[in-house]
Amino acid sequence: MQPQPNKPIQPRNPALSQAVTKEALHQQLEIMTQRVLDPDIGLYGPDSMAWKIHGNISVMFGAGAANLLQLAHPWVSQAIDQHSQTQTDPMGRLQRTFLNVHSMVFGNLDQVLDSAVRVHNIHAKITGQISESTGRTQKQSQYFANQVEALLWVHATLWIVALRVHEMFYGALSQAEREQYYEESKLFAFLFGIPEQAMPENWDAYVAWFNEVVTSDLLAVGTVGRELVDYLFSMRPWLMPFLNRHRIHTAVLLPDSLRRPFGMPEVTPEVQKKFDMDVRLIRTAMKCVPVHLRWIPSQIEARRRIQGKKADLITRLTNKIVYGRPLLVS
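Next up, the structure:
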C-alpha cells in the first residue's frame, strides 16, 4: 500500500532546524579537511564511488527528477523564485551550479574549499518571506537558504537520485558500495555546513529518511514551484524535443505523491515503454561511446591533473560549454 502523503515527520532531529553560520561552516570544513588523504586529489579521487557515479554523464538522466524534488520543498522553490536568475538567465544559472558542484567533487582541496565558501556566502544572502501556504510552510513565514534541513534535503536529492540512475544503467551496487558512497557523501555535506549529527546513521537510514520526507508535509507543490517547473520544461523552443523526452524520464523517476502536483505525465504503459527504451539505448551507448561522451568533462580534467597532464583540447572545449570557461579543476 502506498504511504499517505502530507503526514508530519516524527520524531524530528533537532539539528535539522539549525542555521549554518560562517563559524559552523568552518567547523565542518575543518572536519572535512582532516579526512582528506591527499589535498592534491581532493575529496575523493579516481577510485571513489563519487567519481564513479557523479563523474558519469548518465547521471544527467536524473537531473529533472532531482530538480523537481528540490522544488517540492517550499523554501527551495521560494528562494529560487525570489533570488535566482532561473527565468532570466537559465543557462547561466545552470553553468554556475555545475561550476560550483563539480569544483567540489573533482577539484583539489583548495578549489573545494573556495567553492564551499563561495556557495555559503551566496546562500547567506538568500532569505525572504514565503508568499503562499503550502504543506506545513505558512504564508509570510521566513525562510533562509543556510538551514540544515533544507540543505540536507537538496543533498539527498542529488546523491540518492544519482545512485538510482547509476544502478539503472550499470546494475545494482553491493551494500558495501552503497555504504562507501554514503560515507563519501558526508564530505560533500560538510561543504555546506551540514553537521554529521544531522545525517542519518547509514545508507538504509538515509533512504528511509528521504522516503519519509517525500510523503510528509515538509514537501508541498505550490503555485511558485509549479510555475518554475512549467518554465524549465519549456524555456527554449529549440530544446523542446529533448525537454519533452526528459519530461517522461522525470515523471517515471518521481515519487507518485509529487508527479501529479507538478503536472508530470502519468506513468501509463506507453510512457513506461518510452522510458525503458531510452534506458536500454543509453545503457548500450555507454559501452561504446568515446571517453569524452561518457564522463563529465571536469572529471576527465581532474584525472589528467592527478597524472600531471594538462587538459586536452576536447575537454577544454566541453568545459567552455558546460562551465563557461576552458579550465575548472586543473
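If you're matching positions, the sequence shown starts at 10 in this note's numbering and goes up one per residue.
In this text, a Cβ means the ideal position worked out from N, Cα and C, and glycines have one as well.
- Where residue 153 is concerned, the enclosing beta strand (DSSP E) starts and stops at 151 to 153.
- With distances taken between CA atoms, residue 209 lies nearest to 165 out of 147, 238, 165 and 106.
- Distance from the CA of residue 319 to the CA of residue 79, rounded to the nearest whole angstrom, comes to 36 Å.
- Nearest Cα to residue 92 within the set 255, 192, 153 and 216: 153.
- Pairing residue 37 with residue 199 gives a Cβ-Cβ distance under 8 Å.
- If you compare the alpha carbons of 259, 179, 216 and 162 with that of residue 188, the shortest gap goes to 216.
- In this structure, the beta-carbon distance from residue 229 to residue 137 does not fall below 8 Å.
- If you look at residue 136, you'll find it isn't in any alpha helix (DSSP H); it sits in the beta strand (DSSP E) that goes 136 to 138.
- In the DSSP assignment, residue 146 is bridged to 143.
- Secondary structure of residue 27 (DSSP, three-state): coil.
- Checking the DSSP bridge columns, you'll see residue 120 has no partner listed.
- Along the length of the region 265 to 317, whole alpha helix (DSSP H) runs at least 4 residues long occupy 265 to 268, 278 to 294, 300 to 303 and 306 to 315, reported in chain order.
- For residue 197, the uninterrupted alpha helix (DSSP H) segment begins and ends at 184 to 199.
- Counting only residues of its own chain and dropping the five nearest sequence neighbours on each side, residue 169 has a CB closer than 6 Å to the CB of 219.
- In the displayed model, residue 130 falls within a helix according to three-state DSSP.
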